[in-house]
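Data block below; observations after.
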Amino acid sequence: MSLEAYDYFLPEELIAQEGMEPRDRARMLVVHREGPFRAEHRQVRDLPEYLRSGDVLVFNESKVIPARLLAQRPTGGRVEVLLVRERAPGLWEALVGPGRKAKPGTRLRFLSPRDLHVVPDLEAEVVGVEEDGVRLLRFQGGLMAHLEEVGEVPLPPYIKARIPPERYQTVYARRPGSVAAPTAGLHFTPELLARLRDMGVELRFLTLHVGPGTFRPVKGDPEKHEMHPEPYEIPEETAEAINRAKKEGRRVVAVGTTVARALESAFQEGIGVVPG
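Residue numbers (the working numbering): 54 to 329.
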């Protein structure tokens, strides 16, 4: 498989720098799977026209955390920290750049992104380096208590504009842990969700925390590209609703690739979607 096979021209002016308002006015491409090929250009608010009572719509309720931090070494030099996941209480995997300035034993203090003052009562030590360059940071001072003060939401590299953090969050986000939003869900509004419920569509939720691999470009052979694992959790009631719908011949619709990945990973032949 060649990476060049995926080259295509994308005019820069077509890359949206902010979301539509209201959210559900975003464009939606509808491809009809039966009969001759047919595609329609619609808006997300038109989704109820393509669903029916009894369908199960599955969402990822992971919440984006302000995982991008600016840190200062004892020498005064600065590094950028992107949190990956908490491996144990107070011990985090993180991407640090430039990495050569974050060797084991390096102590880091963290700066407020608003005025660059050193935030008291929070520091970390680099206690290890993984084979793939991921740093292990041990925090002192309670990271989660300071995260809103020291962190910023990491945006995709193609977004140059500054947008309010809440705009890069789904309206149903509930469980903190992602470093990037499950973007398909960004286009749903409370009003659209209510319309779907009222017409008899089952809304079910799972959690998959999006990792920093979503920002990493594919280089070389795509089949050799290393994917970082992403933790997911499927509640028992969600798995039961999906399995019941499939048994009864009803449709199950995954909202975005994060939901699709979780369901594919949790599926077992002869059993269905396994919770956990």
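Note that CB positions come from ideal geometry on N, CA and C, so glycine has one too.
task = Name the residue from P151, K213 and E176 whose alpha carbon lies nearest to the alpha carbon of R160.
result = Distance check between R160 and each of P151, K213 and E176 places E176 closest, using alpha-carbon atoms only.
task = Work out the CA separation of P173 and M197 for me, nearest whole Å.
result = Each residue's Cα considered, the two are about 14 Å apart.
inquiry  = Using 7 Å as the threshold, is the C-beta distance between A298 and V109 below it?
reply    = With respect to V109, A298 sits close: the two C-beta atoms are nearer than 7 Å.
Among E146, V263 and K156, the one whose alpha carbon lies nearest that of L190 = Just measuring C-alpha positions, the residue of E146, V263 and K156 sitting nearest L190 is E146.
ask   = Rounded to the nearest angstrom, how far is the Cβ of L259 from that of Y285, given a contact under 8 Å?
value = Right, their Cβ atoms sit about 7 Å apart.
task = Could you tell me the distance, in whole angstroms, from the CA atom of V203 to the CA atom of G152?
result = As the crow flies, the alpha-carbon of V203 is around 20 Å from that of G152.
Distance between beta carbons of K154 and R188, contact taken as under 8 Å = Here R188 is actually not in contact with K154; their C-beta atoms are around 11 Å apart, not less than 8 Å.
request  = Kindly identify the DSSP beta-bridge partner or partners of R55.
outcome  = In the sequence as presented, Arg is not what sits at residue 55; that position holds Ser. Under the DSSP definition of a beta bridge, S55 lacks any partner.
request  = Please work out which residues of its chain come closer than 8 Å, Cβ to Cβ, to R131, disregarding the five sequence neighbours upstream and downstream, and give them in chain order.
outcome  = Spatial neighbours of R131 in its own chain (CB-CB distance under 8 Å, excluding positions within 5 residues in sequence) are listed in chain order as L123, A124, Q125 and L164.
message = Taking the straight line between their C-alpha atoms, what separation do you get for H288 and I295?
response = Note on identity: in this sequence residue 288 is Pro, with His being the wrong assignment. Per the coordinates, the alpha-carbon of P288 lies some 11 Å from the alpha-carbon of I295.
query = Is there contact here, the segment 137-145 with the segment 87-105, by at least three beta-carbon pairs under 8 Å?
reply = With contact defined as three or more Cβ pairs closer than 8 Å, the segment 137-145 and the segment 87-105 are not in contact.
inquiry  = Let me confirm a value: S231 is counted as buried when at least 16 other C-beta atoms fall within 10 Å, else exposed. Which label applies?
reply    = Counting Cβ neighbours within 10 Å, S231 comes out buried, since at least 16 surround it.
inquiry  = Would you call the segment 300-318 in contact with the segment 236-251, where contact means no fewer than 3 C-beta pairs closer than 8 Å?
reply    = As far as the Cβ criterion goes, the segment 300-318 touches the segment 236-251, which means the pair count is three or higher.
ask   = With distances taken from CA atoms, which of F241, E293 and L256 is nearest R80?
value = Its Cα nearest to that of R80, the residue F241 stands out among F241, E293 and L256.
task = Report buried or exposed for P275, applying the criterion of at least 16 other Cβ atoms within 10 angstroms of its Cβ.
result = So P275 counts as exposed.
query = Alpha carbon to alpha carbon, what distance is there between P157 and G325?
reply = If I take the Cα positions, the gap works out to 45 Å.
request  = Determine which residues share a DSSP beta bridge with V305 and list them.
outcome  = V109, per the DSSP bridge assignment.
Nearest neighbour of V327, chosen from G302, A247, E293 and R121 [CA to CA] = It is E293.
inquiry  = According to DSSP, S115 sits in a beta bridge with which residue or residues?
reply    = Bridge partners of S115: R228.
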